[in-house]
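Engineer: Here you go, one structure.
There are 2 protein chains.
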Amino acid sequence: MTSTRIRMTPDDRREQLLGLGVHLLATRSLDELSIDVLAEEAGISRGLLYHYFGNKQDFHRAVVRRAADELIEVTAPSSDEDPLQQLMLSLGAYVDYVTENYQGYVSLVRAASTDESLREIYEQARATLTDRLFDVAGREQLAALGITDSPATRLMVRGWSALTEEVVISWVRTPHGVSRDELLQRLAQGLVALVQEPAG
Amino acid sequence: MTSTRIRMTPDDRREQLLGLGVHLLATRSLDELSIDVLAEEAGISRGLLYHYFGNKQDFHRAVVRRAADELIEVTAPSSDEDPLQQLMLSLGAYVDYVTENYQGYVSLVRAASTDESLREIYEQARATLTDRLFDVAGREQLAALGITDSPATRLMVRGWSALTEEVVISWVRTPHGVSRDELLQRLAQGLVALVQEPAG
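Those protein sequence lines, which keep their order, are chains A and B. So for the first sequence, my numbering puts the first residue at 120; every next one is plus one. So for the second sequence, my numbering puts the first residue at 120; every next one is plus one.
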């Protein structure tokens, strides 16, 4: 116990530590985010952190789940815009999120390929991000763009979300003179084209 | 030495073993493809296999490199078709390849995320598959579709290749009533739309 420690409930303390973990993950990979790093940044003992998070893997899971929740929240569509505008806003929030959390985000995408429990969180988040296109509000918006919900549409939306991830990660690394606006327009335009019925 | 062994040059033998490795990888994951499995299928000793391939990791690298070469070969565009037709044929060959090599292909995509040397082979193959859109012959074809080569175009093509991989893997697992033809049309149509200049 040090005199500078602020007295908090265990829940508040855990929340604070999770927030700090997400903040730290923004600029480092999952591998670089250890209990030691968190202990030092939070100014509390490793023992206490193990008390809150069990082990490193559980700690990573908790941080990644929290980061995914934040991504889902910041990209949530507002309902008072026209559909295309809403899509652009949502995409813009995603681009800004990846920009600000680049190191951690890329390491998570990689880790999700081989770590079963991280993959689950990652895929659930991605499903949430794309499936809301098909919830009640989303479906009205899609209809306004001339798009109907079908297995083929869902398949293409799933692919578009992989495309978006790949393109945004590449763009943050090297924008190659493509502006944020052009990026958003191309992604939005791509989605609309991909879910159209085939012409032939 | 057994009496059934056919006398081959070391190069021929290595080729034969690589071919067998690629064949075995079609229906199992990289993890399931061991020197032991290959030895049993080839009817030769593990010792001899270590002689040819060094260790398991080198063996995996050699098999994956060979599999990538085959994928690049079977999807090579022929030059006597119109551009869209050529794209559809190439895509069709890719879809058939993933269908026939599903287990190994999916495990490779996953392994490439964390294994540095496999990632290199994987990314090189993917770059070859997409970059040929921009070689001399490809550029003419693109021009015929009204598409110019630019950093933005390349960025979107890179994204489209991630989309195609995601969509085709999903589709092979569960076609959801989407026919092979519709799949190809949607993917080709998507590429053309994604590389157009933004409308707005």
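Here a beta-carbon is modelled for each residue, glycine too, at the ideal position from N, C-alpha and C. Note that the coordinates shown come from a computational prediction; the quantities given were computed from them, not determined experimentally.
1) Should the region 263 to 281 of chain A be regarded as contacting the region 246 to 253 of chain B, the criterion being three or more beta carbon pairs within less than 8 Å?
2) Helix, strand or coil for D268 of chain A, going by three-state DSSP, please let me know.
3) Quick check: what's the CA-CA separation for A230 of chain B versus S232 of chain A?
4) Are any of the Cβ atoms in chain B nearer than 7 Å to that of E151 of chain A?
5) Within 8 Å, do at least three Cβ pairs link the region 300 to 314 of chain A to the region 130 to 150 of chain B?
6) For chain B, find out if any of its Cβ atoms is closer than 7 Å to the Cβ of G257 of chain A; answer yes or no.
7) Restricting to Cα atoms, I'd like to know which of B:G265, B:E159, B:S289, B:T267 is closest to M275 of chain A.
8) Give the DSSP-derived three-state secondary structure of M275 of chain A in the structure shown.
9) Determine the burial state of H170 of chain A: buried for a count of at least 16 other Cβ atoms within 10 Å of its Cβ, exposed for fewer.
10) Extract the residue ranges of the alpha helix (DSSP H) inside the region 290 to 318 of chain A, only unbroken runs of 4 or more that lie entirely within it.
11) Reducing DSSP to helix, strand and coil, say where S164 of chain A ends up.
12) Using a Cβ-Cβ cutoff of less than 6 Å, which residues in the same chain neighbour V291 of chain B once the five nearest sequence positions on both sides are dropped?
13) Between which two residues does the alpha helix (DSSP H) harbouring R245 of chain A extend?
14) Are the beta-carbon atoms of R185 of chain A and V141 of chain A separated by less than 7 Å?
15) What does R270 of chain A reach in chain B if we use C-beta pairs closer than 7 Å?
16) With a 10 Å radius around its C-beta and 16 neighbouring C-beta atoms as the bar for buried, classify M120 of chain A as buried or exposed.
17) Just to make sure I have the definition right: I need the residues of chain B whose C-beta is within less than 7 Å of the C-beta of T218 of chain A. Which are they?
18) Listing by chain order, which chain B residues have their CB less than 9 Å from the CB of S232 of chain A?
19) For S289 of chain A, return the contacting residues in chain B, with the cut-off set at a CB-CB distance below 9 Å.
20) According to DSSP, simplified to helix, strand and coil, what is L144 of chain B?
21) Would you check if the distance between the CB atom of G223 of chain A and the CB atom of A145 of chain A is smaller than 7 Å?
22) Buried or exposed: where does E110 of chain A fall if 16 or more other Cβ atoms within 10 Å of its Cβ makes it buried?
23) From what residue to what residue does the alpha helix (DSSP H) around D201 of chain A run?
24) Which residues in the same chain have their Cβ closer than 8 Å to the Cβ of D300 of chain B, if we skip the five residues on either side of it in sequence?
Structural biologist: By the coordinates alone:
1) Between the region 263 to 281 of chain A and the region 246 to 253 of chain B there are fewer than three inter-stretch CB-CB distances shorter than 8 Å, so the stretches are not counted as touching.
2) Here D268 of chain A carries a coil assignment [DSSP, helix/strand/coil].
3) Cα to Cα, A230 of chain B sits roughly 8 Å from S232 of chain A.
4) Not closer than 7 Å to any Cβ of chain B, the Cβ of E151 of chain A fails to qualify, so no.
5) In the pairwise beta carbon analysis, the region 130 to 150 of chain B is classified as not touching the region 300 to 314 of chain A: fewer than three pairs are separated by under 8 Å.
6) Closer than 7 Å: no.
7) Answer by Cα proximity: B:S289.
8) If DSSP states are grouped into helix, strand and coil, M275 of chain A belongs with the helices.
9) In summary, H170 of chain A is exposed, with fewer than 16 beta-carbon neighbours lying within 10 Å of its beta-carbon over all protein chains present.
10) Here the runs fully enclosed are 299 to 313.
11) Three-state result, S164 of chain A: coil.
12) Result list for V291 of chain B: V217, T218, Y221, in chain order.
13) From DSSP, the alpha helix (DSSP H) with R245 of chain A extends over 235 to 250.
14) It is a contact, given that the beta carbons lie within the stated cut-off.
15) One point to set straight first is that residue 270 of chain A is Pro, not Arg, in the sequence displayed. Chain B residues near P270 of chain A: H295, G296, V297.
16) Confidence at M120 of chain A is low in this model, with a pLDDT of 49, below 50, so its placement is unreliable and the value that follows should be read with caution. In this structure M120 of chain A is exposed. Its beta-carbon is surrounded by fewer than 16 other beta-carbon atoms within 10 angstroms.
17) One finds nothing in chain B with a Cβ atom closer than 7 Å to the Cβ of T218 of chain A; even the nearest lies about 15 Å away.
18) Neighbours of S232 of chain A in chain B, taken as residues at a C-beta separation under 9 Å, are given in chain order as V228, R229, A230, A231, S232, T233.
19) Within chain B, the residues placing a beta-carbon under 9 Å from that of S289 of chain A are L274, R277, G278, ordered along the chain.
20) Three-state result, L144 of chain B: helix.
21) The answer is yes: Cβ separation under 7 Å.
22) Residue 110 of chain A is absent from the structure shown; chain A starts at 120 and stops at 319.
23) No alpha helix (DSSP H) contains D201 of chain A, which DSSP labels as neither H nor E.
24) None.
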